[in-house]
Amino acid sequence: MVDGCFIAPLIRATQAPGAHSHSENHVARQCGGRTFRLVTFPTDPESRALETVLNRFADRVRRVGLRHGLAGKDVDDLVQEVRVRLWKALQNGEKIEAAPASYIYRTAASAALDLLRRRRARRETPVRVSRVTGEAILGEAPSPEAIMAGAELAEQIGEAVGHLPDSRRSVVRMYLAGYGREEIADLLGWTEAKTRNLLYRGLADLRDRLTSMGIGPEVDS
Amino acid sequence: MKEERVRESYDRLLAIRASGEVDRTSCLSPEALQELLQPEISEQERLRRIDHIMGCPFCLPEFELLRSVAKAEPPRPFPRVTALAAALTLLLGAALVWRLGSPRDGSVLRGDGAPIAIESPAPDARVVPPASFVWHPVADALQYRIEVLTPSGDVVWQHTGTDTTATMSSDTPLPSGAEYRWAVVAEITNGEHVRSTLQRFKVVAP
Numbered sequence: 025m026v027d028g029c030f031i032a033p034l035i036r037a038t039q040a041p042g043a044h045s046h047s048e049n050h051v052a053r054q055c056g057g058r059t060f061r062l063v064t065f066p067t068d069p070e071s072r073a074l075e076t077v078l079n080r081f082a083d084r085v086r087r088v089g090l091r092h093g094l095a096g097k098d099v100d101d102l103v104q105e106v107r108v109r110l111w112k113a114l115q116n117g118e119k120i121e122a123a124p125a126s127y128i129y130r131t132a133a134s135a136a137l138d139l140l141r142r143r144r145a146r147r148e149t150p151v152r153v154s155r156v157t158g159e160a161i162l163g164e165a166p167s168p169e170a171i172m173a174g175a176e177l178a179e180q181i182g183e184a185v186g187h188l189p190d191s192r193r194s195v196v197r198m199y200l201a202g203y204g205r206e207e208i209a210d211l212l213g214w215t216e217a218k219t220r221n222l223l224y225r226g227l228a229d230l231r232d233r234l235t236s237m238g239i240g241p242e243v244d245s
Numbered sequence: 002m003k004e005e006r007v008r009e010s011y012d013r014l015l016a017i018r019a020s021g022e023v024d025r026t027s028c029l030s031p032e033a034l035q036e037l038l039q040p041e042i043s044e045q046e047r048l049r050r051i052d053h054i055m056g057c058p059f060c061l062p063e064f065e066l067l068r069s070v071a072k073a074e075p076p077r078p079f080p081r082v083t084a085l086a087a088a089l090t091l092l093l094g095a096a097l098v099w100r101l102g103s104p105r106d107g108s109v110l111r112g113d114g115a116p117i118a119i120e121s122p123a124p125d126a127r128v129v130p131p132a133s134f135v136w137h138p139v140a141d142a143l144q145y146r147i148e149v150l151t152p153s154g155d156v157v158w159q160h161t162g163t164d165t166t167a168t169m170s171s172d173t174p175l176p177s178g179a180e181y182r183w184a185v186v187a188e189i190t191n192g193e194h195v196r197s198t199l200q201r202f203k204v205v206a207p
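As given, the protein sequences belong to chains H and P, one line each in that order.
Numbered according to the numbering used here, the first sequence terminates at residue 245, and the numbering increases by one at each position without gaps.
Numbered according to the numbering used here, the second sequence terminates at residue 207, and the numbering increases by one at each position without gaps.
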């Protein structure tokens with residue numbers, strides 16, 4: 025996506041019937057050879073109401089997303105989707121402000137689905153933030169040196185995990201991907217005790233498997 | 002090999018997979034990712050899908066986007082009339098506790114603040130599966146954890162979420178005539194926990 029192009033639907037939406045003119049506090053952005061005005065500091069009641077609702081929504085998603093390793097760009101794109109939908113669906117500022125939270129989140133869930141569908145259609149590579157290192161993995165090719173260093177070991181671990189029994193494999197994968205025990209239990213709908221048990225056994229299986237592959241335990245230096 | 006090193010290597014594996022040619026033919030659809038956020042999906046199917054997601058550098062961030070939206074939804078506001086009725090029930094309950102003294106069987110789970118008020122099922126209610134639970138929201142609650150236990154204390158079902166309602170998944174069979182206990186714990190932003198009292202219900206056939 026060309027930088028600034030995401031503003032196009034917003035501008036069209038703000039010029040929709042029922043929306044007031046945003047003649048002040050704007051900046052010009054280029055997109056596909058055309059100039060759009062991006063409203064930066066909306067002053068009319070409709071925009072203020074919408075921004076209040078959206079800021080509240082964005083804050084919550086950002087806060088939760090931070091814990092879930094969500095990239096900031098994803099939240100920005102989603103908020104933009106929701107903004108456009110709200111403009112289209114709601115008639116005036118009063119209604120926007122009065123919209124129940126559940127409505128906003130239903131809209132957001134549906135907008136998130138559309139966002140993913142569109143990205144897939146465009147073959148965009150999602151940004152993954154590593155829970156282990158906290159770094160954003162942009163889907164770009166790492167340097168040959170980086171690939172070589174530890175690549176063989178990474179593949180061997182992937183193979184060893186792939187051979188674990190079904191019920192333990194998912195738990196171990198989640199754990200290795202940086203998920204905590206409570207989060208794993210929540211996602212699988214298991215009790216904490218069951219999760220702890222299967223994770224413990226799965227990690228023991230993985231250790232045995234790695235040892236049989238010649239990848240032994242490390243000695244603390 | 003230390004667990005930390007294994008984790009780093011697995012992380013590297015995902016990065017390597019992301020750097021290759023993008024082939025998403027075996028990936029889950031966005032709808033299939035979103036379905037995982039619902040409790041209705043069977044355990045076998047849940048494991049199958051999560052197994053793919055946790056090994057796929059493309060599905061993983063997509064799933065987390067959908068999950069973050071679902072997790073961010075605040076608990077639903079409580080209707081004023083129901084809140085008034087609940088407050089009245091609480092008042093009556095408090096008066097009863099005051100008259101009877103402290104519970105002798107130690108069934109009250111002690112929390113850091115006032116216990117979470119339960120909306121339904123009512124104490125000792127007869128419940129037709131699937132059992133649904135409703136409680137009052139707690140200020141500054143990050144999430145709620147509900148547990149359903151047998152009389153001997155074994156957890157048969159557990160769920161964590163931001164909503165103030167929860168319905169047991171059909172994966173957990175509740176035999177008719179069986180008695181269960183349940184309680185809900187709220188995790189507060191300051192790291193403290195608020196609990197409900199332990200409730201009882203009996204399963205009846207539909």
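All C-beta atoms in this analysis are idealised placements derived from N, C-alpha and C, irrespective of residue type, glycine included.
Practice item. For His92 of chain H, name the three-state secondary structure that DSSP assigns. Key: Coil at His92 of chain H, not helix or strand.
**Study point:** Beta-ladder partner(s) of Gly162 of chain P, from DSSP
**Key:** According to DSSP, Gly162 of chain P bridges with P:Tyr145.
Exercise for review: For His53 of chain P, name the three-state secondary structure that DSSP assigns.
Suggested key: helix
Point to revise | Run of the beta strand (DSSP E) containing Arg146 of chain H, from where it starts to where it stops | key: It is not in any beta strand (DSSP E) - Arg146 of chain H carries neither H nor E in the DSSP assignment.
Review point. Relative to the alpha-carbon of Arg64 of chain P, which residue among H:Leu78, H:Leu140 and H:Leu188 has its alpha-carbon at the smallest distance?
Key: According to the sequence displayed, residue 64 of chain P carries Phe and not Arg. Here the closest residue by C-alpha is H:Leu140.
Review point. Cβ of Ser171 of chain P less than 8 angstroms from any chain H Cβ?
Key: It does not; no Cβ of chain H falls within 8 angstroms.
**Study point:** Proximity test, Cβ basis, 8 angstroms: Ser236 of chain H and chain P
**Key:** no
Review point. Based on Cα-Cα distance, which residue from P:Ala115, P:Asp164, P:Glu46 and P:Cys60 lies nearest to Ala16 of chain P?
Key: P:Cys60
Practice item. Pick out whichever of H:Ser126, H:Arg84, H:Lys112 and H:Ile208 has its Cα sitting closest to the Cα of Ser71 of chain H. Key: H:Lys112
**Study point:** Own chain residues within Cβ distance below 6 angstroms of Val149 of chain P, not counting five before or after
**Key:** Val157, Trp158, Tyr181 and Trp183
Point to revise | Cβ shell of Leu227 of chain H (< 8 angstroms), same chain only, five flanking positions each side left out | key: Answer for Leu227 of chain H: Val196 and Tyr199, listed in chain order.
Practice item. List the residues of chain H that Arg47 of chain P touches, going by C-beta distances under 9 angstroms, in chain order. Key: Ser194, Leu211, Leu212 and Gly213
Exercise for review: Note the first and the last residue of the continuous beta strand (DSSP E) segment covering Arg196 of chain P.
Suggested key: His194 to Arg196
Review point. What are the start and end residues of each continuous alpha helix (DSSP H) run of 4 or more residues lying completely inside the stretch 181 to 228 of chain H, in chain order?
Key: DSSP runs (the alpha helix (DSSP H)) wholly in the stretch 181 to 228 of chain H: 190 to 200 and 205 to 212.
Practice item. Check the Cβ of His160 of chain P against every Cβ in chain H and list those closer than 8 angstroms, keeping chain order. Key: Going along chain H in sequence order, the residues near His160 of chain P (Cβ under 8 angstroms) are Asp210 and Gly213.
Check your understanding: Is there contact here, the stretch 158 to 173 of chain P with the stretch 201 to 218 of chain H, by at least three beta-carbon pairs under 8 angstroms?
Key -> yes
**Study point:** Same chain, Cβ closer than 6 angstroms to Ser121 of chain P, neighbours up to 5 away in sequence not counted
**Key:** Sequence-distant Cβ neighbours of Ser121 of chain P in its own chain, meaning closer than 6 angstroms and more than five residues away, are Val135.
Check your understanding: Taking just the CA atoms, how far does Ala209 of chain H sit from Ala135 of chain H?
Key -> 27 angstroms
Check your understanding: By a C-beta neighbour count over all protein chains shown, 10 Å radius and 16 as the cutoff for buried, is Val185 of chain P buried or exposed?
Key -> buried
Exercise for review: Put Leu110 of chain H into one of helix, strand or coil per three-state DSSP.
Suggested key: helix
**Study point:** Element boundaries [alpha helix (DSSP H), containing Leu64 of chain P]
**Key:** It should be pointed out that residue 64 of chain P corresponds to Phe in this sequence rather than to Leu. Note, Phe64 of chain P: alpha helix (DSSP H), Cys60 to Ala73.
**Study point:** Anticipated Cβ contact below 8 angstroms, Glu36 of chain P with Tyr129 of chain H, distance rounded
**Key:** In fact, because the Cβ distance is near 17 angstroms, the residues do not count as touching under 8 angstroms.
Point to revise | Sequence-distant residues of the same chain with beta carbon closer than 7 angstroms to Ala206 of chain P, five excluded per side | key: Once the five neighbours on either side are set aside, the close Cβ partners of Ala206 of chain P are Ser177.
Review point. Can Val139 of chain P and Ala187 of chain P be called in contact, C-beta distance under 8 angstroms?
Key: yes
Exercise for review: Rounded to whole angstroms, what's the CA-CA distance from Ser108 of chain P to Thr166 of chain P? Just pull it up for me.
Suggested key: Annotation note: pLDDT 35 at Ser108 of chain P (below 50); position unreliable, coordinate value reported separately. The straight-line gap from Cα to Cα measures roughly 22 angstroms.
**Study point:** Pick from P:Ile42, P:Arg8, P:Thr26 and P:Glu5 that is closest to Met169 of chain P, judged by C-alpha positions
**Key:** P:Ile42
Review point. Which chain P residues sit within Cβ distance under 7 angstroms of Leu253 of chain H?
Key: A query on residue 253 of chain H cannot be resolved here, the shown segment of chain H reaching from 25 to 245 and no further.
Check your understanding: Cα separation between Trp200 of chain P and Ala95 of chain P?
Key -> In the sequence as presented, Trp is not what sits at residue 200 of chain P; that position holds Gln. The alpha-carbon atoms of Gln200 of chain P and Ala95 of chain P are separated by roughly 15 angstroms.
Exercise for review: Using the Cα positions of Glu193 of chain P and Leu230 of chain H, report the straight-line distance between them to the nearest angstrom.
Suggested key: 36 angstroms
Check your understanding: With 16 other CB atoms within 10 Å as the buried threshold, where does Leu29 of chain P fall?
Key -> Buried: at least 16 other Cβ atoms inside 10 Å.
Point to revise | CB contact below 8 angstroms: Leu110 of chain P versus chain H | key: Confidence at Leu110 of chain P is low in this model, with a pLDDT of 37, below 50, so the placement of that residue should be treated as unreliable; the coordinate-derived value is given next. Output row for Leu110 of chain P: interface = no.
Review point. By how many angstroms is the C-alpha of Leu137 of chain H removed from the C-alpha of Arg84 of chain H?
Key: 18 angstroms
Review point. So which residues of chain H does Glu63 of chain P contact, with C-beta pairs closer than 7 angstroms?
Key: Leu140 and Pro150
Point to revise | Chain-ordered neighbours of Asp52 of chain P on chain H, where CB pairs are closer than 7 angstroms | key: The contacting residues are Arg193, Ser194 and Arg197.
**Study point:** Backbone CA spacing between Gly182 of chain H and Arg86 of chain H [nearest angstrom]
**Key:** 31 angstroms
Check your understanding: Got a sec? Which residues, its chain only, sit under 8 angstroms from Gly143 of chain H by beta carbon, not counting five neighbours each side?
Key -> Here residue 143 of chain H turns out to be Arg, not Gly, going by the sequence shown. Contacts found: Pro150.
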